[in-house]
Amino acid sequence: MTHPLLTQDHIDAYARDGVVLVKGLFKDQVDQLRAGVARNMADPGPYAAENLKEGEGGRFFDDYCNWTRIPEFAEAIKASPAAAVAAELMGSKSVQMFHDHVLVKEPGTSKPTPWHQDSPYYFVEGQQTVSFWSPLDPVRDASLRCVAGSHLWEKPVLPTRWLAETSFYPNDDDYMQVPDPDAEGMDIREYEMEPGDAVAFNYKTLHGARGNESGTRRRAFSLRLLGDDARFVERPGPTSPPFPGHDMKEGQRLREDWFPMLLKTAD
């Protein structure tokens with residue numbers, strides 16, 4: 000039976016387009032996640048970053064891999080239907096935790112989030128993946144933007160460092176250059192969203208976000224989950240997130256003591 004938040008159209012669109020809007024996925028966890036973001040910003044983790052150059056207005060804060068130390072995040076992940084929804088979208092019998100990610104654009108932050116795919120930055124490969132991007136404030140013009148069908152492209156998009164704008168790895172020739180979806184007339188999906196709604200997208204889906212020119216904050220909580228076919232893969236350099244000391248080998252499923260199973264159904 001399909002989860003109440005989904006229809007078969009959602010599942011079909013996710014496979015075809017690599018992106019779909021799920022209304023109200025975290026609607027009962029919005030206040031909890033807002034409290035978690037406040038705790039995160041007051042006590043940033045080791046991967047926290049400020050993503051503006053000198054002279055650029057506003058503030059663009061992001062941080063990830065904090066769910067094990069911020070109880071509001073752990074509790075919201077467990078209480079939400081995210082794992083059940085992820086299983087149906089991915090067509091997977093298992094759902095494994097990868098990591099959380101917080102992105103905050105304060106009012107007047109005109110800098111957009113650059114176009115990118117998440118997959119090249121990660122040490123995991125597979126088609127059964129899903130990220131949920133959920134705003135904790137109403138979003139009209141500062142929403143996530145995803146290129147439909149880009150998760151099926153034959154060649155991955157070059158990963159770059161957002162602030163330095165340099166290549167993330169030394170093997171540029173293995174990647175396609177970052178396209179300009181607006182100029183190239185690509186099928187861009189973006190949505191007006193209420194707090195707790197979520198954009199679900201594949202790790203290989205090209206995406207970015209507009210700057211926040213509004214007078215209100217744009218806080219977003221992202222949750223990255225893995226399905227049955229996700230496996231560890233070696234990259235030509237440190238990944239983001241790096242997870243130092245993981246000791247995993249090519250082709251293994253991610254270790255469950257670090258990346259716990261959120262859902263597993265019997266065959």
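Residue numbers for the sequence shown follow numbering that gives the first Met the number 0, so the first one is 0 and each next one is one higher. Glycine included, each C-beta is placed from N, C-alpha and C at the ideal position. This structure is a prediction, so every number in the text was calculated from the model and none was measured.
Through-space distance from residue j to residue i, alpha-carbon basis
i	j	result
M89	Y13	8 Å
A81	A182	34 Å
E164	D196	31 Å
P235	D11	34 Å
D173	E249	19 Å
V198	W114	16 Å
G184	G210	20 Å
E49	R58	7 Å
A41	R68	13 Å
M0	P178	39 Å
S221	F72	10 Å
V18	T6	14 Å
R15	G148	6 Å
G23	N201	19 Å
W257	L51	31 Å
Exposure of residue i, with buried meaning 16 or more beta-carbon neighbours within 10 Å
i	result
M175	exposed
N170	exposed
E268	With the chain running from 0 to 266 in the structure shown, residue 268 is simply not present.
T238	buried
P158	buried
R188	buried
Q127	buried
E191	exposed
D117	buried
P70	exposed
Y77	Correcting the residue identity first, residue 77 is Lys in this sequence and not Tyr. Exposed is the call here.
P45	exposed
E87	buried
Three-way DSSP call (helix, strand, coil) for residue i in this model
i	result
R230	strand
D179	coil
Q28	helix
S213	coil
M89	helix
Y174	coil
K77	helix
A219	strand
A48	strand
L59	Correcting the residue identity first, residue 59 is Phe in this sequence and not Leu. If DSSP states are grouped into helix, strand and coil, F59 belongs with the strands.
Q95	strand
L224	strand
P113	strand
R188	strand
E124	strand
P134	strand
Option nearest residue i by Cα separation, candidates the options
i	options	result
E124	K22, L253, G107, A265	L253
G54	S91, Y46, K22, K110	K110
D186	T215, T204, T1	T204
E129	P45, H98, L51	The amino acid at residue 129 is misidentified as Glu; the sequence shows Val. Closest option to V129, Cα to Cα, is H98.
Y168	P178, D179, P180, P155	P155
S213	R230, P106, A41, N65	P106
T112	A86, D228, F231, H206	H206
N39	L102, L4, L143	L102
R139	A208, E74, L225	A208
F131	Y120, C145, P243	C145
Nearest-angstrom beta carbon gap, residue j and residue i [assumed within contact, 8 Å]
i	j	result
Q95	M260	5 Å
P194	D246	Not a contact, Cβ separation roughly 39 Å.
P134	R218	7 Å
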